[in-house]
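**Q** Counted the way my numbering counts, the sequence shown spans residues 3 to 1135.
This is the structure I want to talk about, given as structure tokens.
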Amino acid sequence: MKGNQLMRKPKLLRALLILLFVAAPIQWTRAQIVLSTPKTTLGAVIKNIKSQSNYQFFYDDKLAEMPVNAIDVKNGSLQSVLDAALQGKGITYKIEDNIVYLSASGEPQTPQQTGQEHTVTGTVVDATGEALIGVNVQVKGNPTAGTITDFEGNYSLSVPGNGEIVFSYIGYRSETLKPDGKNVLNVTMQEDTQLIGEVVVTALGIKREKKMLGYAVQELKSDELNKTGDPSVTSALQGKVAGLQMNTSATGLGGSTKITIRGNSSLTDNNQPLWIVDGVPFSDTSTSSASRYDGVDRGSASMDINPDDIESISVLKGPNAAALYGSRAGNGVILITTKKGSKKDGFGIRYSGNFTWTAIGETLDMQRRYGQGHIDTKDAKTAVYDKTDSGSWGPVLDGSMKEAWNGETYAYSNYGDKLKDYFDTGFSHTHNVSISNGTEKSHFRTSFGYSDNDGVFPTESLSRVNADLNAGTELNKWVSMDGKISLSRTKADNRPLYGDYGAISQLMRIPNNVRLDDLKQYSDETHAHVNWTGPTASIRNPYYVLHQRQNSDERWRAFGYYSMKINFTDWLHLSAKYAFDYYRTRVQSTNAGDGINGEANTSMITNDSMDRSEENFFESNAEVILMGDRQLTDNFRLGFNVGGNFMYQRSETLGVGVGNMVDKGNWMLNAANLLRTGSEDGYKRAMNSVFGSVQMAWKEYLSLDLTARNDWSSTLPSGNNSFFYPSANLSFVVSDFLRSIDKPLPSWVTFAKARLSAAQVGKDTSPYQLYNTYSFKFDNGVLTPTKDNVKMNDQLKPEIATSYEAGLDMKFLNNRLGFDFTYYYSKTKNQIMKVPAAAPWSGGQWVNAGMVTNQGVELMLYSTLVETKDFAFDLNVNMAHNVSKVKELAPEENVNYMFFNGDGNFPVKVGTRAGHKLGEIYATSLYKRNENGDIIVNENGLPMTVTNESEYVNKPIGNIQPKLTMSVSPTFTYKGITLSALFDMKFGGDIFSYSEMLATGNGLAKRTLNRGEENNYMMVFPGVTESGEVNTKQVSASEYYGALQAENFIYDASFIKLKELSIGYSFPSSMLKKTPVNSLNISFVARNLCYLMKHTPGTSPEGGYDTTMFSQAIDYASLPFTRTFGISINLGF
């Protein structure tokens, strides 16, 4: 009953939100200003105003010393105080969004200035062509001669003939330019990412000054995020955030990507961060079904986000930064803020387009010397050609004429790289158009995006359509409203099949002498399977796989919010928001049938089938927050947030499978003779939360933040479903403190800050893990009841993660150099995990057990190494080191080790032991060795093996955890030309190449070139006999390589990769002034150009066969490494 009440509470909040919207016209009285002071300075007046209000001021520091006459204002408005203070001073002001811009109004020039004066006008824009409002434009050397840009970025200034103009703006590099007699001077300003006063988006979407934060936040602006036009947000993030790691499946277009921040903390694959888009929780479900034998990767739901709509991404690392988001944010938060309309006359129209081509780069290292056949150890005692053999142990490819598998006779030669020749050159084009407008009281932006991608697989395609609308208005000075709706449709056709039955696995088996073109006739007139091996169940024609095993998936999505903000005073606000995320996914796969008639040894179609499923997912969040921020005294500022959130989720899944189609190739449900399977599933869950935070700041150099949150989860049992977690963080700006006591740091030290934080966060479990239930499904037309094989637990408690963090942030040489260093430690206990259980619970049982620790360091380095009038060289570096360790598993259940990769059909398993690092790789068959470590060989000359789990689990052959992840990003700018690159690096960690192991067993891997050709293809396995004598027994090369074990195929997964390269040119406004275009940038872009260093045998050291927990430890039949090149165009009107 309580659970039902928990589900219904969001409806109550929606009703309250409607009442708030109806009550919008109610008005409150704003705070008035009292100022009575004798003759003073403008800086003192500003400080007094700030202590009584929430206004911030932007002005040249030199104006602070300007004398101001006595003022006596009682309960006056801000305007009346400013008018009194600035009377006769030649200073103008503008008020916008609680920011006051002050500027000298351009009095007559001082006598020291020489040369004839003339008026210079122009427009100031950012790198994207957007107008910059409030830019300080000043004659160099004369602080009283200046102005600020208006809402369109325009300015007008009287300048002496030999004078220079200084353009300065918060968050941008100052520009000093000489008009040289010109009457028009347009300026494009570049962002200064190292500015001390940097403002970042934090939890709940609250903008905070970064220097006052006591925890690590890393923010990426839109131009940093997607310089090369990557259609995937997750791929664009890779290598750009310290401590953020990608688990990417090498599966082609839109492949799944799972993100972890600061390592894995959970033993149940629940390690992904929470995604928040404009305050809306956004589901990033991955739907990969790839396995050892087959499966399709349908990508991650984050693919629905249009990168062109993104303004910035803040990565909140761990519980310390994300505690206000509750249990869902225990693994950190990826906080996306999208673009809004800016203030301007008329509409701003922007277009961006990307056109890219993708081609196969490197492939698995193969031998090109030998062809099809086997080694005859009895009669011929040499390599023998046999057109029916599936192995490549035949003689040297000598070009002689031989009869092939299809009856034709042609040269016995090498016919190319099958793993490269099979693929096409992929082509993608993306187009985005946005229209925006804004005034002082409203904003509006709408955009439309279209992306169409043809992959390197011949029939693979992926398209996406996005539409976005964001608008807001200030109804009056007390009430404002804001809303957003985003729609998307993502459709994929013929995503590649992976595993043994996929095309790549089959390509790795084709002998060098078999022509790929001959296999394009993959079926005969009866639609039966035609292949180079003849009919076999394990080896398939890769073109047959391509055309006879087809699939499609389509996802429609809508997410957004509507909100209202009420200003009780200029420092106290109430906001209410209702947010939703809904998507519907339809998946279909068809199999034209590839059964084999074993008796007749002929091909036949017997098991054609079709599967179709549909999922509907909905999440809503209703939230109310009371926010306050007040300067209580000259030195003390207090802010607070108190609120509540009601979250509700619903998921419904329906699936059906049919077979024995009446009309072959007509894939309709009603064209089937057999209902094979039918199932329906779903869940509901809810979470109610209250939260609060307090921010205290003393003299702008000492800040203490305290937060608290309590969640009530519907997935946990009554009595355990309420969990409270707090956090505290402290920021101390050492440089500002020392300046305040007249003991500043050396002049070359610009800024120094130390920070400390501690937090605790809980995590609940998935729905329906408390009680065992029955369900029903169709199995070959029969309605069958099924029972869980996992024992549920109605006493589950939430996981609890406790974390600590310390950091140091320093900048030098007027922000030319800087670093941000973080040390962290976290401990997660009460892990909700499966352990073995007695019969009949073959799937185990859920318990609270296990403890995982993560500790590590992060270092961000940034520098402007060279900066002149026309040239700049910036260099940014991210580095991270993390160790995830299992302190204990479930000793009370006698569980001291466990495996994670769900597919037990590989010759390795990935898991952990209590007291060891997460992600150990175990070979299920190890060489048997003596006490000296020598391999023991049996009487047949082949190695003996150990397959006992209790033995091999204590002898791991590798570990996936890297010692260091790193990226280096240099940027060069010369006038309008920008060259930027991103080098992505990983050092340490291991990967098992099952691809090479299978190719070795078939005689195709490069390592099989050494096959004892000079000794009639006979070899000796290194080792000793059971009696300890050196082995001298000869075996054939095929036996030798077939006896190699998994430990021979473990590789160092370290790499250095040139991930991104961009060379662009921004046309100066002078070239565009006679056109309707006000900004134009054209760039050459490239992604994944090459590996500068790696150790794997032609395969990628990054891509695993899936994105499940630790599957990146296994390379099998992954898409070969691809390179992408193209052009990018950005236009502004």
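Heads up, the beta-carbon is just placed ideally off N, CA and C, and yes, glycines get one too.
Being a predicted model, the structure only gives us computed values, none of them experimental.
Quick test of your reading: His433 and Gly451, contact by CB under 8 Å. State the CB separation rounded to the nearest angstrom.
**A** Sequence index remark: in the sequence shown, residue 433 carries index 431 (1-based). Sequence index remark: in the sequence shown, residue 451 carries index 449 (1-based). With a Cβ gap of about 7 Å, His433 and Gly451 count as contacting.
**Q** I'd like the list of long-range same chain contacts for Arg542, defined as Cβ closer than 8 Å, with 5 residues on each side in sequence excluded.
**A** Here residue 542 corresponds to residue number 540 of the sequence shown, with the count starting at 1. So the qualifying residues of the chain are Tyr503, Gln508, His531, Asn533, Asp596.
**Q** Taking contact to mean 3 or more Cβ pairs, one atom from each stretch, closer than 8 Å, check whether the segment 354-365 and the segment 985-1003 are in contact.
**A** Taking 8 Å as the limit for Cβ pairs, the verdict is that the segment 985-1003 does not touch the segment 354-365.
**Q** For Pro893, which three-state DSSP category applies?
**A** Locating residue 893 in the sequence shown gives position 891, counting from the first residue. Three-state DSSP puts Pro893 in a helix.
**Q** Given this structure, state the Cα-to-Cα distance separating Asn791 from Tyr899, to the nearest angstrom.
**A** As a first step, residue 791 is located in the sequence shown; it is residue number 789 there, counting from the start. As a first step, residue 899 is located in the sequence shown; it is residue number 897 there, counting from the start. Rounded to whole angstroms, Asn791 to Tyr899 spans 21 Å at the Cα level.
**Q** Using only alpha-carbon positions, find the residue among Ala385, Asn156, Asn472 that is nearest to Asp280.
**A** Walking along the sequence shown from the start, residue 280 turns up at place 278. Per the Cα distances, Asn472.
**Q** Does DSSP classify Arg741 as helix, strand or coil?
**A** Working through the sequence shown from its first residue, we reach residue 741 at position 739. Here Arg741 sits in helix by DSSP.
**Q** Would you mind giving the Cβ-Cβ distance between Ser316 and Val219, rounded to the nearest angstrom? I have them listed as a contact below 8 Å.
**A** Residue mapping note: residue 316 aligns to position 314 of the sequence shown, counting from 1. Residue mapping note: residue 219 aligns to position 217 of the sequence shown, counting from 1. With 8 Å as the limit, Ser316 and Val219 qualify as a contact, their Cβ atoms being about 6 Å apart.
**Q** Please identify the residue among Gly124, Gly155, Asp152, Arg175 whose C-alpha is closest to the C-alpha of Val1.
**A** Limits of the chain in this structure are 3 at one end and 1135 at the other, which puts residue 1 out of reach.
**Q** State the Cα-Cα distance for the pair Ile1129 and Val1087, rounded to the nearest angstrom.
**A** One-based indexing of the sequence shown puts residue 1129 at position 1127. One-based indexing of the sequence shown puts residue 1087 at position 1085. Rounded to whole angstroms, Ile1129 to Val1087 spans 6 Å at the Cα level.
**Q** Whole angstroms is fine: what's the gap from Leu227's alpha carbon to Ala238's?
**A** Here residue 227 refers to the residue found at position 225 of the sequence shown. Here residue 238 refers to the residue found at position 236 of the sequence shown. Looking at the two C-alpha atoms, the distance is approximately 6 Å.
**Q** Does the Cβ-Cβ distance between Leu810 and Gly852 come in under 9 Å?
**A** The residue labelled residue 810 in the question sits at position 808 within the sequence shown. The residue labelled residue 852 in the question sits at position 850 within the sequence shown. No, these two residues do not count as a Cβ contact at 9 Å.
**Q** Would you say the segment 859-870 touches the segment 817-834, given that touching needs at least three Cβ pairs under 8 Å?
**A** The segment 859-870 is in contact with the segment 817-834.
**Q** Which residues share a DSSP beta bridge with Ala218?
**A** Counting from one through the sequence shown, the residue named residue 218 turns up at place 216. Paired residues: none, contrary to the question.
**Q** How far does the beta strand (DSSP E) with Tyr650 in it extend, from its first residue to its last?
**A** Numbered from its first residue, the sequence shown carries residue 650 at position 648. 638-663 is the span of the beta strand (DSSP E), which, as asked, contains Tyr650.
**Q** Under 8 Å Cβ to Cβ from Lys41, same chain only, skipping five residues before and after it: list those, please.
**A** In the sequence shown, the residue the question calls residue 41 occupies position 39. Pro69, Val70, Asn71, Ala72.
**Q** By DSSP's criteria, Ile512 is part of a beta bridge. Which residues make up the other side?
**A** Taking the sequence shown and counting its residues from 1, one reaches residue 512 at position 510. Ile512 is not bridged to any residue.
**Q** May I ask you to report which of helix, strand or coil DSSP gives Asn850?
**A** Here residue 850 refers to the residue found at position 848 when the sequence shown is read from its first residue. Note: Asn850 maps to strand in three-state DSSP.
**Q** So, using beta-carbon positions, are Tyr327 and Asn731 closer together than 9 Å?
**A** Residue mapping note: residue 327 aligns to position 325 of the sequence shown, counting from 1. Residue mapping note: residue 731 aligns to position 729 of the sequence shown, counting from 1. Contact flag unset, no.
**Q** Less than 7 Å between C-beta atoms, sequence neighbours within five positions excluded: which residues of the same chain meet that for Thr949?
**A** Within the sequence shown, residue 949 is the residue found at index 947, counting from 1. For Thr949, where only same-chain residues beyond five positions count, the Cβ hits under 7 Å are Thr926, Ser927.
**Q** Out of Asn961, Val660, Glu654, Gly943, which has the shortest C-alpha to C-alpha gap to Asn1033?
**A** Indexing the sequence shown from 1 puts residue 1033 at position 1031. Residue Gly943 is the option with its Cα nearest to Asn1033.
**Q** Do Asn408 and Gly373 have their beta-carbon atoms positioned less than 9 Å apart in this structure?
**A** Within the sequence shown, the letter at position 371 stands for residue 373. Within the sequence shown, the letter at position 406 stands for residue 408. No, these two residues do not count as a Cβ contact at 9 Å.
**Q** Look up Ala205 in the DSSP assignment and say whether it is helix, strand or coil.
**A** Along the sequence shown, one-based indexing puts residue 205 at 203. Three-state result, Ala205: helix.
**Q** How many angstroms separate the CA atom of Asp381 from the CA atom of Ser394?
**A** Residue 381 sits at position 379 when you count from the first residue of the sequence shown. Residue 394 sits at position 392 when you count from the first residue of the sequence shown. The straight-line gap from Cα to Cα measures roughly 19 Å.
**Q** Determine whether the beta carbon atoms of Leu80 and Ser733 lie at a separation below 9 Å.
**A** The sequence position of residue 80 within the sequence shown is 78, counting from 1. The sequence position of residue 733 within the sequence shown is 731, counting from 1. No; because the gap between Cβ atoms is not below 9 Å, this pair is not in contact.
**Q** Can you tell me whether Tyr1118 is buried or exposed, with buried defined as 16 or more other CB within 10 angstroms of its CB?
**A** As a working note, residue 1118 is residue 1116 in the sequence shown. The residue in question, Tyr1118, is buried, as its Cβ has 16 or more Cβ neighbours within 10 Å.
**Q** Do you know how far the Cα of Asp495 is from the Cα of Ser554?
**A** Numbered from 1 along the sequence shown, position 552 holds the residue referred to as residue 554. Numbered from 1 along the sequence shown, position 493 holds the residue referred to as residue 495. Taking the straight line joining both Cα atoms gives about 4 Å.
**Q** According to DSSP, Pro787 sits in a beta bridge with which residue or residues?
**A** The count along the sequence shown starts at 1 and reaches residue 787 at position 785. Partner(s): Phe778.
**Q** Out of Met510, Asp872, Leu920, state which residue places its alpha-carbon closest to the alpha-carbon of Ser392.
**A** Along the sequence shown, read from residue 1 onward, the residue named residue 392 stands at position 390. Comparing Cα positions, the closest option is Met510.
**Q** With DSSP as the reference, label Phe1112 as helix, strand or coil.
**A** Numbered from 1 along the sequence shown, position 1110 holds the residue referred to as residue 1112. If DSSP states are grouped into helix, strand and coil, Phe1112 belongs with coil.
**Q** Just list the residues that DSSP pairs Leu676 with in beta bridges.
**A** Translated into positions along the sequence shown, residue 676 becomes position 674. Beta-bridge pairing links Leu676 to Gly661.
**Q** For Ala1039, count neighbouring C-beta atoms within 10 Å of its own C-beta (all shown protein chains included) and say buried if the count is 16 or more, exposed if not.
**A** The count along the sequence shown starts at 1 and reaches residue 1039 at position 1037. Result: buried.
**Q** Would you report the Cα separation of Lys701 and Asn637, rounded to the nearest angstrom?
**A** For the purposes of this step, residue 701 is taken as residue 699 along the sequence shown, with counting starting at 1. For the purposes of this step, residue 637 is taken as residue 635 along the sequence shown, with counting starting at 1. Their Cα atoms are separated by approximately 5 Å.
**Q** Check each candidate in Ile35, Glu654, Gln590, Phe974 and name the one with the smallest Cα separation from Glu617.
**A** As a working note, residue 617 is residue 615 in the sequence shown. Comparing Cα positions, the closest option is Glu654.
**Q** Quick one, which of Asn662, Glu527, Gln651, Arg491 has its alpha-carbon nearest Arg588's?
**A** Taking the first residue of the sequence shown as position 1, residue 588 is located at position 586. For the residues Asn662, Glu527, Gln651, Arg491, the minimum Cα distance to Arg588 belongs to Arg491.
**Q** Helix, strand or coil: how does DSSP classify Gly1003 here?
**A** Taking the first residue of the sequence shown as 1, we reach residue 1003 at position 1001. Helix.
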